[in-house]
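Engineer:
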Amino acid sequence: VYIPFTAFNKVNNGEYANPRSMVAGTVRLLDPNEAVKRGLDIQIFDLLHCDLMFETAVQQYRFLWEQGFPIVPFELFFDKLTIEKYITKYEHETRARLPFPIDGVCVKYNELSLREKMGTTGRFPKYSMTFKFASLEEFTILRKVTWQIGKSGQLTPVANFDTITIDGVEINKATLHNFEFIQEKQIALNSKIVVAR
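The end of the sequence shown is residue 1143 by the working numbering, with every number in the run present.
1. Are there 16 or more other CB atoms within 10 angstroms of the CB of D1025, so buried, or fewer, so exposed?
2. Measure the Cβ-Cβ separation of L1082 and R1143 and say whether it is below 8 Å.
3. For L1135, collect the residues of the same chain with a Cβ closer than 8 Å to its Cβ; drop the 5 residues on either side in sequence, then sort them by chain order.
4. Between the region 947 to 955 and the region 1104 to 1120, can you find at least three pairs of beta-carbon atoms closer than 8 Å?
5. According to the Cβ coordinates, are L1058 and E1001 closer than 8 Å?
6. As a quick exercise: from T1102, I1133 and Q1132, pick the residue whose alpha carbon is nearest that of T1121.
7. What are the partner residues of P1071, as DSSP defines its beta bridges?
8. Helix, strand or coil for G971, going by three-state DSSP, please let me know.
9. Can you give the Cα-Cα distance for N1124 and N964, rounded to whole angstroms?
10. When we look at the beta-carbon of R974 and count the other beta-carbons within 10 Å, is it buried (16 or more) or exposed?
11. Using the Cα positions of Y1036 and K1119, report the straight-line distance between them to the nearest angstrom.
12. Just the C-alpha distance for D992 and M1075, rounded to the nearest angstrom, thanks.
13. Where does Q1129 fall in DSSP's three states?
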């Protein structure tokens, strides 16, 4: 589930820091009308159970598409070098043209019988691997530091800076983690800072 940048910028009143947090907050509401109102969309990533038998993930995707479900874009590759080139191109070229934020791509075996043999660990399937992209960065000027009180009562410093846009999202504040982080990085008001997302 995702929200396009255009929909996020249109409906966000400052309550959410980025599109992902708006999606998570909207899904937790369990109200489909609110999801429609905010412009949430979906792309199907996997078919977990079906009475029909399939030999490959591509067959599953075709079935889902024929049923009218939007599916994630996918490509078939047959060697490691082609996969590496695709990931590099996706990170440095395709990512910037997408209408929603992503932070990586997932590579999975196509043959379902092979997936079955590989199994899973306690946390993730052994037949897939996620490649995370490097954080996107922009420079800005730190204007002030405010303190935020968490649910546990912990104080966290928050940097307030000139608004920048990273990955289609306008950002004007970010956590500074703790006082030691501020000292270690020698952060001072009106400093030029780099913000990573």
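Beta carbons: idealized from backbone N, C-alpha and C, even for Gly.
Structural biologist: Checking against the coordinates, here is how it stands:
1. exposed
2. yes
3. L1088, R1089, K1090 and V1091
4. yes
5. yes
6. T1102
7. T1066
8. helix
9. 22 Å
10. exposed
11. 28 Å
12. 14 Å
13. helix
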